[in-house]
Amino acid sequence: MKPLLTPLALLLSAFYFFYFALVGVYVIFLPKVLVDLGYSPKEVGIIYAAAPFMRFLLPFVFKHFISLTPKVYLGALVVSFLATLLFWGTVDNFWLYLIANLFFGGAMGISLPYVETIALATLSKSHYGKVRLWGSLGFMGIALWLGKVLDVPFEALYYLSAMTGLTMLFGTLLVKYDKTEHAPAHEDASFSLVKYWAFWVSVFLMQVGFGGFYNFFTIYETSHGISLEMTSWMWSFGVICEIVMLYFQGPLLQRNLLKILQFATLVTAVRWLMLYLFPDSVLLTFASQSLHAFSFALYHTAAITYVFSLYTQKKLAQQFFLGIAFGLGGSVGAVLSGQIYGEYLFLIESGITLLAFMVLIIHQKRKEVQV
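For the sequence shown, my numbering gives the first residue as 2, with consecutive numbering after it.
Okay, structure coming up:
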């Protein structure tokens with residue numbers, strides 16, 4: 002346990018805690034805030050496509066023009082905080098709030114890949130999970146707290162700014178631990194998505210399938226008669242299962258990472274099917290949330306570890322993973338879920354995730370031939 006008590010591990014834990022606490026506010030509570038302020042489901046979908054879309058565009062800029070240096074990273078931390086302050090004055094105007102979300106998404110798309118590279122370069126696979134689980138604790142903590150105390154929708158914006166400010170503080174302290182070489186932008190131009198195109202298509206589809214969950218799970222459950230507080234507990238239960246997986250997943254990650262990704266993707270397809278079949282069942286919704294251990298915790302760690310091993314351009318590879326999965330996939334998923342929100346939302350999401358599983362099989366076959 003000693004490695005977990007190093008200054009670096011403690012700073013990483015604090016960064017993950019507050020980063021994913023702010024994600025919790027943004028994902029769980031702000032969609033309902035927007036609906037309460039008169040936004041339509043389609044408008045919510047567009048707003049929640051803005052930040053992921055910026056995460057998708059950024060890696061292409063960094064591939065050709067900019068290197069992800071400490072100065073760029075620190076600038077992104079500041080912009081993310083200032084963007085949350087802009088939310089206060091723009092949330093009543095769709096277009097202005099959309100623009101603020103573009104700035105927010107761009108900045109967030111820089112900071113996490115930078116920190117993930119530090120963590121993967123310095124921590125073992127088992128220790129990474131034990132540090133990363135603090136992010137899950139932050140997400141769960143804010144979900145439980147705001148689910149209980151949030152009365153005025155606008156208050157969620159104050160919590161978002163506070164969590165982003167603390168993320169900026171601990172993120173700034175991490176810079177001195179960055180030992181990764183910063184290659185010039187022209188050296189990153191050799192980075193190829195085409196070589197492993199099936200893998201990238203699969204991670205994209207996986208996150209498209211998450212669109213309905215991230216953006217409409219709270220609305221979906223409360224519309225079926227489940228209280229906001231109970232829905233917050235459902236979110237938190239999923240995160241508890243995620244934490245357990247992060248803590249104990251170390252030995253699993255010594256196995257075939259592609260097989261793990263395939264299994265986690267298939268389990269996720271079953272998870273969305275359960276939400277479609279039993280939308281008003283508290284027990285079965287909790288059961289579906291238990292699968293978050295596989296569909297997020299195990300999948301995410303296996304995926305970023307797999308990407309880290311595939312490419313020599315480590316930071317850029319993590320940016321592309323965040324950009325294609327949570328960026329393009331999240332953006333398309335948000336818009337699509339806003340368009341198809343209704344009875345068949347999670348049936349369609351299940352089908353999309355099953356397609357991600359099949360494309361991952363194609364990637365395995367292609368990689369075997371390349372070897």
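Using N, Cα and C, we set each Cβ at its ideal position, and we do this for glycine too. Every value quoted in this text rests on a predicted model; they were computed, and no experiment measured them.
- prompt: Just the Cα atoms here: how many angstroms apart are residue 161 and residue 306?
  reply: The residue given as residue 161 occupies position 160 in the sequence shown. The residue given as residue 306 occupies position 305 in the sequence shown. Distance between the alpha carbons of residue 161 and residue 306 is about 29 Å.
message: Tell me which residue opens and which closes the alpha helix (DSSP H) that residue 272 is part of.
response: Within the sequence shown, numbered from 1, the residue matching residue 272 stands at position 271. Unbroken alpha helix (DSSP H) run through residue 272: 258 to 278.
message: Quick check on DSSP: helix, strand or coil for residue 151?
response: In the sequence shown, the residue the question calls residue 151 occupies position 150. DSSP places residue 151 in coil when its eight states are reduced to three.
message: Out of 343, 359, 309 and 283, which one is the CA nearest neighbour of residue 260?
response: In the sequence shown, counting from the first residue as 1, residue 260 sits at position 259. Looking at the Cα atoms, 359 is the closest of the given residues.
- prompt: Exposed or buried, what is residue 344 when buried is set at 16 or more other beta-carbons lying within 10 Å of its beta-carbon?
  reply: Here residue 344 refers to the residue found at position 343 when the sequence shown is read from its first residue. Label assigned to residue 344: exposed.
field: Minimum C-alpha distance to residue 10 - residue among 256, 130 and 106
entry: Here residue 10 is taken as the residue at index 9 of the sequence shown, counted from 1. Of the candidates 256, 130 and 106, the one whose C-alpha sits nearest the C-alpha of residue 10 is 130.
Nearest candidate by alpha-carbon position, reference residue 284, set 239, 153 and 315: Along the sequence shown, one-based indexing puts residue 284 at 283. Here the closest residue by C-alpha is 239.
query: Is residue 66 helix, strand or coil when you go by DSSP?
result: Sequence index remark: in the sequence shown, residue 66 carries index 65 (1-based). It is coil, neither helix nor strand.
message: Given this structure, state the Cα-to-Cα distance separating residue 266 from residue 300, to the nearest angstrom.
response: Sequence index remark: in the sequence shown, residue 266 carries index 265 (1-based). Sequence index remark: in the sequence shown, residue 300 carries index 299 (1-based). Spanning the two alpha carbons is a distance of roughly 7 Å.
query: Are the CB atoms of residue 229 and residue 148 nearer to each other than 9 Å?
result: Taking the first residue of the sequence shown as position 1, residue 229 is located at position 228. Taking the first residue of the sequence shown as position 1, residue 148 is located at position 147. Yes.
task: Within the same chain, show all residues whose beta-carbon is closer than 8 Å to that of residue 206, passing over the 5 residues directly before and after it, in chain order.
output: By 1-based counting over the sequence shown, the position of residue 206 is 205. Taken in chain order, the residues that qualify are 330, 353, 354, 356, 357 and 360.
Residue nearest to residue 217 in terms of C-alpha spacing, selected from 22, 41 and 21: Taking the sequence shown and counting its residues from 1, the one referred to as residue 217 is at position 216. Nearest of 22, 41 and 21 to residue 217, Cα basis: 41.
query: Buried or exposed: which applies to residue 24, given that a residue is buried once 16 or more other Cβ atoms fall within 10 Å of its Cβ?
result: Here residue 24 is taken as the residue at index 23 of the sequence shown, counted from 1. Classification of residue 24: buried, given that the 10 Å Cβ count is 16 or more.
message: If contacts are defined as beta-carbon pairs under 8 Å, then residue 315 and residue 309 qualify, I think. What distance do you get, rounded to the angstrom?
response: Indexing the sequence shown from 1 puts residue 315 at position 314. Indexing the sequence shown from 1 puts residue 309 at position 308. At roughly 6 Å, the Cβ-Cβ gap stays under 8 Å, so residue 315 and residue 309 are in contact.
message: Can you tell me whether residue 138 is buried or exposed? The criterion is at least 16 other CB atoms within 10 Å of its CB, across all chains shown.
response: Position 137 of the sequence shown, counted from the start, is the residue given in the question as residue 138. Result: buried.
message: Using beta carbons (cut-off 9 Å, strictly below), is residue 229 in contact with chain E?
response: Protein chains in the displayed structure number just one, and chain E is not present.
task: Just mark residue 281 as buried or exposed, buried being the case when its beta carbon has 16 or more other beta carbons within 10 Å.
output: By one-based count along the sequence shown, residue 281 stands at place 280. Residue 281 comes out exposed.
query: residue 1 to residue 324, Cα distance in whole Å?
result: This structure cannot settle anything about residue 1, because the visible part of the chain is limited to 2 through 372.
query: Grouping DSSP H, G and I as helix and E and B as strand, with all else coil, what is residue 196?
result: Position 195 of the sequence shown holds residue 196. Helix.
- request: Please classify residue 212: is it buried, with 16 or more other beta-carbons within 10 angstroms of its beta-carbon, or exposed?
  value: Here residue 212 corresponds to residue number 211 of the sequence shown, with the count starting at 1. Buried.
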